[in-house]
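The sequence shown begins at 100 in the numbering used here and counts up one residue at a time. Don't be surprised by glycine CBs; every beta carbon is placed ideally from N, CA and C. All of these numbers come straight from a predicted model, not from anything done at the bench.
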Amino acid sequence: MSRTVSSMNIFTLPPGDHAGFAFRELFRQLKASGGPAVIRLQPGRYLFRKDEAELCSRPVSNTVVYDGEEPCKHAGLLLDGLSSLAIEGNGARLFFDGDMSAFILLHCRDIVLRDFSVDYLHPRVAEMRCTACRECEAEFEVHPDSRAEVRDGKLYFLDPDGVPEPAEKWIVQCASADGRTNLRSPFHPCTEAESCSETGPGRLRFCYAQKQNIESGTVWQFRNPVRNENGIFLHHCENIELDHLKLFFTPGLGIVAQLCRNLAIHHHFHAPEPGRGRVCAAFADCIQISSCRGKVRISDSYFCGSQDDPVNIHGTYLGVAALRGTCVNLQFRHPETWGFLPFETGDEIALADAGTMERLAFARVRRAVLADARHVELELDTAFTADLTKKQYVVENLSACPEALVENNFFRGYPTRGLLITTSAPGIVRKNTFLQGPPRPAIHIAADAENWFESGGVRDLLIEENRFENCSVPAINICPNNHDLFPLHHGIRIRKNVFVRCTLPYLHAQGCTPPETDLECS
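Here it is, written out as structure tokens:
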């Protein structure tokens, strides 16, 4: 490690097979000394091992079902309380060995991560390609990054830590041989098989009771659905820039930002490394923005090969458990989102009907406390009045909604929706290309206070100059999950978009005031 002392400290870290130790020591020095710094990497391989990772106990939005315990994550690189730091990758390749998170950033400010790639020696999504299918047999070749073994005629995949798990219990997704679609599959080649046998190293033969029509060349992907680690996790961070990163694979949620302010992601490549023969780059969503503030920009990027939505921007509805004057007791209602405090002093909040999501009353937060992992206590500047015995209510934080710009990105190879966006702050979705495979909308404007509890009501959103291809359902879907079709969303403008080989109508709109659009809608 070399260092140059000037107005800015510049450090150089060489490649190595135990990179975690070197970064940990350097981060410790930077936290103690403060001041702006640059860490320059060299071209080459940096290996981070799980047994050398730092432990981090932190709940993450949309990640782990609540069981009374805080999940323990394993961070290859843990940045805690750092500021004014840039990591310049110079094309370095960062590899992670084991089930672990690549980056965790806690309470950081003014951080730049630039020009390096992230990949895993054994990704948490196993893959195998069909090489032949005839009558009641199908043959597959397991990707070299995936590890499998056959026991008593059943297939087991080894997770990144080498623990065998039955493939038949994993979620299955199939990429077509031509690479145009990558969809969840109702057919499970392991569950339906009567037996499985090894015909050679990494080669499998499945036998079925009936003839199967498994297309040769299709790539089948398998994952245990538990999201216990993430790719890049940002918590209570401000002014973060991710520039020219290549995420060839990420576990859990690829990039998840919660309670952050001002985030820029640009020239981002979230897809399998070309030439490696893999089709999956993201265990679930590529980017999840949860209860953030300020401005979020996602631009000039490429997304392909996710197991869920490439981009999701939303807030969080909390259920109202009790009202006592100006004091409100709230409860996290979705089992995967809990344990963080999504309110700050001075925030504007709204009391909403859980059924319609109509905003009924407004107040400012004087004090906010996380009472326990599932409950939040608020003191307001004015009292909410509601009869909790007759109806359910939720609270929405109108201040924890970022201005969003999603511009000039390319989306393909995903099984769900391309972009979910529900933010009450101004949003722009412009000049993106959605190459659609699943029978789902490319852009989905939802909000839900009874299932996912993802808020909130849109008030200013421009969707323009996007290109939609191969959409078999309305490409743009405005459809909050509420009762009585209450007009939750407002101020949506849709214009100058291009639709190629898409099914009419291009727009479905309900639960909103009529959008300003040059399209007919259903």
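Practice problem: Mark valine 597 as exposed unless 16 or more other C-beta atoms lie within 10 angstroms of its C-beta, in which case mark it buried. | Solution: The residue in question, valine 597, is exposed, as its Cβ has fewer than 16 Cβ neighbours within 10 Å.
Quiz item: Who are the near neighbours of proline 113 in its chain, counting only those whose CB is closer than 6 Å to its CB and skipping five residues on each side?
Solution: Taken in chain order, the residues that qualify are Gln141.
Practice problem: Look up serine 216 in the DSSP assignment and say whether it is helix, strand or coil. | Solution: Here serine 216 sits in strand by DSSP.
Quiz item: Is serine 296 buried or exposed, if buried means 16 or more other CB atoms sit within 10 Å of its CB?
Solution: By the neighbour-count rule (16 or more Cβ atoms within 10 Å), serine 296 is not buried but exposed.
Quiz item: Would you call serine 389 buried or exposed, if buried means 16 or more other Cβ atoms sit within 10 Å of its Cβ?
Solution: By the 10 Å Cβ count, serine 389 comes out buried.
Practice problem: Specify the secondary structure class of threonine 103 as computed by DSSP and reduced to three states. | Solution: Since pLDDT at threonine 103 reaches only 45, below the 50 mark, its modelled position is unreliable, and no value is offered.
Practice problem: Measure the Cβ-Cβ separation of cysteine 229 and threonine 317 and say whether it is below 9 Å. | Solution: The answer is yes: Cβ separation under 9 Å.
Practice problem: Give, in chain order, every unbroken run of the beta strand (DSSP E) that is at least 3 residues long and sits entirely within the stretch 256 to 299. | Solution: Runs of the beta strand (DSSP E) lying entirely within the stretch 256 to 299, each at least 3 residues long, are 263 to 265, 270 to 274, 281 to 283, 294 to 299 in chain order.
Quiz item: Can you tell which of Asp342, Lys490, Arg148 has its C-alpha closest to the C-alpha of histidine 366?
Solution: With distances taken between Cα atoms, histidine 366 lies closest to Asp342.
Quiz item: Helix or strand or just coil, what does DSSP make of glutamate 495?
Solution: Three-state result, glutamate 495: strand.
Quiz item: Whole beta strand (DSSP E) runs in the stretch 318 to 373 with 3 or more residues, listed along the chain?
Solution: Counting only runs of 3 or more, we get 318 to 322, 331 to 334, 337 to 342, 354 to 357, 360 to 365.
Quiz prompt | Residue closest to arginine 139, alpha-carbon to alpha-carbon, out of Ile109, Ala485, Leu154 | solution = Each of Ile109, Ala485, Leu154 was checked against the Cα of arginine 139, and the nearest Cα belongs to Ile109.
Quiz prompt | CA nearest to the CA of lysine 149, picked from Glu187, Gly167, His221 | solution = Minimum Cα distance to lysine 149 is reached at His221.
Quiz item: How should proline 285 be labelled, buried or exposed, when 16 other C-beta atoms within 10 angstroms of its C-beta is the threshold for buried?
Solution: Classification of proline 285: exposed, given that the 10 Å Cβ count is below 16.
Quiz item: For the alpha helix (DSSP H) that arginine 127 lies in, which residues bound it at each end?
Solution: In the DSSP assignment, arginine 127 falls within the unbroken alpha helix (DSSP H) covering 118 to 132.
Quiz item: Between glutamine 406 and serine 245, what straight-line distance do the alpha-carbon atoms span, to the nearest angstrom?
Solution: When the Cα atoms are used, glutamine 406 and serine 245 turn out to be separated by approximately 17 Å.
Self-check item: Start-to-end residues for the beta strand (DSSP E) that takes in cysteine 379
Solution: Looking at the DSSP string, cysteine 379 is not in any beta strand (DSSP E), and its letter there is neither H nor E.
Exercise. Pick helix, strand or coil for glutamate 443, following the three-state DSSP scheme.
Key: The answer is coil: DSSP assigns glutamate 443 none of H, G, I, E or B.
Exercise. In angstroms with no decimal places, state the Cα-to-Cα distance between proline 227 and glutamate 248.
Key: For clarity, residue 227 is methionine in the given sequence; the question names proline instead. So the alpha carbons of these two residues sit roughly 13 Å apart.
Quiz item: Taking buried to mean at least 16 other C-beta atoms within 10 Å of its own C-beta, is alanine 308 buried or exposed?
Solution: The residue is exposed, with fewer than 16 neighbouring Cβ atoms inside 10 Å.
Quiz prompt | For arginine 227, the residue or residues it bridges with in DSSP | solution = Here residue 227 turns out to be methionine, not arginine, going by the sequence shown. Paired residue(s): Val241, Trp319.
Self-check item: Coarse secondary structure for aspartate 150, derived from DSSP in three states
Solution: The answer is helix: DSSP assigns aspartate 150 an H, G or I state.
Quiz item: Just to confirm, does histidine 365 get its C-beta within under 8 Å of one of the non-hydrogen atoms of the ligand MN?
Solution: Among the components of this structure there are no ligands whatsoever, and the ligand MN is therefore not found.
Quiz item: Taking only runs of the beta strand (DSSP E) that begin and end inside the stretch 583 to 616, which ones reach a length of at least 3 residues, in chain order?
Solution: Within the stretch 583 to 616, the complete beta strand (DSSP E) runs of at least 3 residues are 591 to 594, 597 to 599, 606 to 608.
Quiz item: Taking just the CA atoms, how far does glycine 330 sit from leucine 181?
Solution: Annotation: leucine 181 to glycine 330 spans about 19 Å, alpha carbon to alpha carbon.
Quiz item: Between the stretch 561 to 571 and the stretch 526 to 545, do three or more beta carbon pairs fall short of 8 Å?
Solution: Result yes; three or more Cβ-Cβ pairs closer than 8 Å.
Quiz item: Per DSSP, aspartate 471 is paired with what?
Solution: Answer by DSSP bridge pairing, in chain order: His474.
Self-check item: Beta-ladder partner(s) of aspartate 452, from DSSP
Solution: For aspartate 452, which the question treats as bridged, DSSP gives the partners Tyr492.
Exercise. Report yes or no: do three or more beta-carbon pairs, one from the stretch 498 to 509 and one from the stretch 469 to 481, lie closer than 8 Å?
Key: Taking 8 Å as the limit for Cβ pairs, the verdict is that the stretch 469 to 481 does not touch the stretch 498 to 509.
Quiz item: Does the stretch 355 to 374 come within contact of the stretch 390 to 398, defined as at least 3 CB pairs closer than 8 Å?
Solution: Between the stretch 355 to 374 and the stretch 390 to 398 there are three or more C-beta pairs closer than 8 Å, enough to call the two in contact.
Self-check item: Meets three-Cβ-pair contact criterion under 8 Å: the stretch 443 to 451 and the stretch 572 to 580
Solution: Pairwise C-beta distances place the stretch 443 to 451 out of contact with the stretch 572 to 580, as fewer than three of them are shorter than 8 Å.
Quiz item: In chain order, which continuous runs of the beta strand (DSSP E) of length 3 or greater are located wholly inside the stretch 489 to 552?
Solution: Those beta strand (DSSP E) runs which fall completely within the stretch 489 to 552 and span 3+ residues are 492 to 496, 502 to 506, 509 to 511, 518 to 520, 526 to 529, 532 to 534, 542 to 544.
Practice problem: Verify whether the separation of the beta carbon atoms of phenylalanine 332 and valine 159 is less than 9 Å. | Solution: The answer is yes: Cβ separation under 9 Å.
Quiz item: Are the beta-carbon atoms of proline 409 and tyrosine 513 separated by less than 9 Å?
Solution: In this structure, proline 409 lies near tyrosine 513, with their beta-carbon atoms less than 9 Å apart.
Quiz item: Excluding five sequence neighbours on each side, which residues of the same chain lie with their C-beta closer than 8 Å to the C-beta of phenylalanine 120?
Solution: Its chain contains Glu151 as the residues whose beta carbon lies nearer than 8 Å to that of phenylalanine 120, once the 5 sequence neighbours on both sides are disregarded; these appear in chain order.
Practice problem: Might you give, ordered along the chain, the residues of its own chain that have their beta carbon closer than 7 Å to the beta carbon of threonine 602, omitting 5 neighbours on each side? | Solution: So the qualifying residues of the chain are Cys570, Ser571, Val572.
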